[in-house]
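Notes to accompany the following structure.
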Amino acid sequence: MEREPGDSRLFFRGLQSCSHEKMKLRKRKSALYFSSQKSTGLRGDHLGENIYLVLFTIALRICNCFLVQTSFVPDEYWQSLEVAHHMVFNYGYLTWEWTERLRGYTYPLIFASIYKILYFLGKDSVQLLIWIPRLAQAVLSVVADLRLYSLMKQLENQQVAKWVFFCQLCSWFTWYCCTRTLTNTMETVLTIIALFYYPLEGSKSMNSIKYSSLVALAFIIRPTAIIPWIPLLLRHIWQEQRKLDLILHHFLPVGFVTLSWSLIIDRMFFGQWTLVQYNFLRFNVLQNLGTFYGSHPWHWYFSQGFPVVLGTHLPFFIHGCFLAPKRYRILLVTVLWTLLVYSMLSHKEFRFIYSVLPFCMVFCGYSLNHLKTWKKPALSFLFLSNMLLALYTGLVHQRGTLDVMTHIQELCYKNPNKSAASVFVMMPCHSTPFYSHVHYPLPMRFLECPPNLTGKSQYLDEADIFYLNPLNWLYKEFHNNSTLPTHLIIFSILEEEISAFLISRNYERTAVFFHTHLPEGRTGSHIYVYERKLKGKLNRR
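Numbering that gives the first Met the number 0 applies: residue 0 is where the sequence shown begins, and numbers increase by one.
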């Protein structure tokens, strides 16, 4: 059958219109492709988040780092930077934990690597040795912050994630701790990142190998890091259909590799095979010898520790606990479990529960997301109250012990008689950092305080004996003037008690540093530096 000429024209017009439609479709597809490519280029693959958010978080944590100029606990120096300095430069002081092999070298090795690079580059100045490790810790905290935000975006939406992120960034205790070279800080960082890969309901990034590897690494660095993960691991095993496969092909290989890595590192530096994780748990948990450094009542974490760490986030946390969906119940169980376990130990510190603080931020964010009328006042209240606390604790409270080390640095690098100089720190043991903040083999000494490892019934360490009668101790210790140090560092509270010794041995106060508005026990509001003057050259005060 033949086509009519008109039909033929219609046929070709139809083909032409079809071809135009196809061309349009291809153009649209191409435009979509390029727009997505453009979007991807803008976002990048920066931890899965917008580049501007990443840069903002990095900038904030770097500011955070430089706005924390106070000391918190001795471990931020003596269990990390001092050990790293000794590893690289072969001088310094290792505390009793290292001679008793209670600590592992995995965490200090991070800072020792930084020190070694600076040494090879000829840039191992004391300021870089102090600040580069802290900046490195700040960058790791950035990764943790962004992972928490990404996780909440997966589990909920960008709105909820935004408020959780806000709560995390403005938490005064996070600000105070997250750039410090503490094992607790690293434990918290690894916990948050591991939670990102944990199989929570609604998560799109779950990965058993990744999260268990991070948990294992946290355990290697600080063995008590396993405490918050016990309920989470049990839940995962309970809900997993192939339980045996999970344990045999995921958990056990990861545990074997990380523990082997830890054993090899510690074998290299201790010179013998050592399972420091067992030694740590035996000392702190099984034998509970940590009470030597102080003990608190069982309810301390509930009545003081947890409320202080949460600060003004506490009412929002409580409110969020009632609002959050049931799938977050496991996070609340983890927080309560951790508080209960640590409450069983006599020795308690604020930093021990730092690792569960980000879990609490999830509930605080939920609370803020559901506020309508009072949202702006609540945000202002949270921000201002936390920033005031963060700035006070970061710039004012307990800053003297770091300021006095700056004075000692000047003594080393600007004093023409530095070869004859020596320093004795007569303060509660480990009050100040040591060679990591001086970086010069200056003869230095402090009052030691190892715990009772011998089982003596009436045991007193050197610091305890000194504080029983400081004046008598000094006369006995320095009966010969030739052994006297050129510089003494004391808290102001001690000055009146030992003034007779200072006068008789020709010591003159040469520097004063503010320390705290809240002195307690053996500490004082100020730190004094005394320098011994030669007879005939004494300056009048």
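Just so it is clear, CB atoms sit at the ideal spot from N, CA and C, and this is done for glycine as well.
I109 carries a helical assignment under DSSP once its states are collapsed to helix, strand and coil. DSSP, reduced to helix, strand and coil, places M151 within a helical segment of the structure shown. By the beta-carbon neighbour count (other beta carbons within 10 angstroms, threshold 16), L394 is exposed. L189 and L216 do touch by the CB rule: their CB atoms are close to 6 Å apart, below 8 Å. Bridge pairing for F445: V424 [DSSP]. In the DSSP annotation of this structure, the continuous segment of the beta strand (DSSP E) that includes L487 starts and ends at 486-490. Around the Cβ of N451, a 10 Å sphere holds fewer than 16 other Cβ atoms; the residue is exposed. Counting C-beta atoms within 10 angstroms of its own C-beta, E75 has 16 or more neighbours from the protein chains shown and is therefore classed as buried. As the crow flies, the alpha-carbon of G304 is around 47 Å from that of N480. For F351, there is no enclosing beta strand (DSSP E), since its DSSP letter is neither H nor E. Taking every protein chain shown into account, the CB of W95 has fewer than 16 other CB atoms within 10 angstroms, so this residue is exposed. In this chain, V511 is not harboured by any alpha helix (DSSP H); it is covered by the beta strand (DSSP E) spanning 506-513.
Under DSSP, the beta-bridge partners assigned to H525 are F513.
Only residues of its own chain outside the window of five on either side were considered, and among them L189, I192, A193 have a CB closer than 6 Å to the CB of L213, listed in chain order. For N183, the enclosing alpha helix (DSSP H) stretches over residues 182-196. Contact check for S435 and H84: beta-carbon distance about 4 Å, within the 8 Å limit, so the pair qualifies. Contact between the stretch 113-133 and the stretch 384-392 is absent: fewer than three C-beta pairs spanning the two stretches fall below 8 Å.
When the five nearest sequence neighbours on each side are left out, the beta carbons in the same chain lying within less than 7 Å of the beta carbon of L145 are those of L46, E48, V53, T56, in order along the chain.
One thing to note: L101 has its Cβ no nearer than 8 Å to the Cβ of L168. The beta carbon of Y466 sits closer than 7 Å to those of R521, all from its chain and outside the five residues before and after it, given in chain order. Spatial neighbours of L66 in its own chain (CB-CB distance under 6 Å, excluding positions within 5 residues in sequence) are listed in chain order as G393. Boundaries of the alpha helix (DSSP H) around Q158: 157-169.
The distance from the Cβ of Q397 to that of H514 is about 6 Å, consistent with a contact at the 8 Å cut-off. By the Cβ neighbour-count rule, W373 is exposed, with fewer than 16 other Cβ atoms within 10 Å of its own.
Counted as a single uninterrupted DSSP element, the alpha helix (DSSP H) harbouring K375 occupies residues 374-394.
Within the same chain, Cβ atoms closer than 6 Å to the Cβ of F172 are found at V308, the five residues on either side in sequence being excluded. In this structure, the beta-carbon distance from F279 to P222 falls below 8 Å. Within the DSSP bridge table, the entry for R531 names Y506 as partners.
Between C64 and L134, the alpha-carbon positions lie close to 7 Å from each other.
8 Å or more divides the Cβ of F165 from the Cβ of L147.
Note that the C-beta distance between S211 and Q153 is not below 8 Å. When the beta-carbon positions are compared, S261 and T105 come within less than 8 Å of each other. The distance from the Cβ of E530 to that of E507 is about 6 Å, consistent with a contact at the 8 Å cut-off. For the set K161, Y474, N183, Q240, the Cα lying nearest the Cα of I226 is the one of N183.
With a cutoff of 8 Å on beta-carbon distance, H369 and L313 are scored as not near each other.
Distance from the CA atom of D265 to the CA atom of T273, rounded to whole angstroms, is 7 Å.
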